[in-house]
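First up is the structure itself, then whatever we jot down about it.
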Amino acid sequence: LFLDQSIDFHVHHAIATVFKVVMMQHRQAANLGLGDRCGVQGLFEYNQFSADMRGTAISEGDTLGLSI
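Okay, structure coming up:
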């Protein structure tokens, strides 16, 4: 569906935006679950949870911009 050239560009854009939102929600749920399981170990720099959460926050902003 996404690679079909006969479909309008705006439909491709909408599909990509919806996909990004769904994947972002799954990522947030996974990060919260991992954080709960790791406990304080998850806060250490080598686990990079803060970088993952920052990436998720940036994705949220990108998605908001895409949906406007």
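Residue numbers (our numbering): 5 to 72.
Glycine is no exception: its CB is placed at the ideal position from the N, C-alpha and C atoms.
It should be emphasised that the depicted structure is a prediction, and the values quoted were computed from it without experimental measurement.
Cβ atoms of Thr-21 and Thr-60 stay farther apart than 8 angstroms, at about 16 angstroms. The region 51-65 and the region 34-41 touch, with three or more beta-carbon pairs separated by less than 8 angstroms. Rounded to whole angstroms, the Cβ separation of Glu-64 and Met-28 is 6 angstroms, and the two are in contact under 8 angstroms. Membership of Val-15 in the alpha helix (DSSP H) is indicated by the continuous run 13-42. For the pair Ser-71 and Ile-62, the Cα-to-Cα distance works out to about 14 angstroms.
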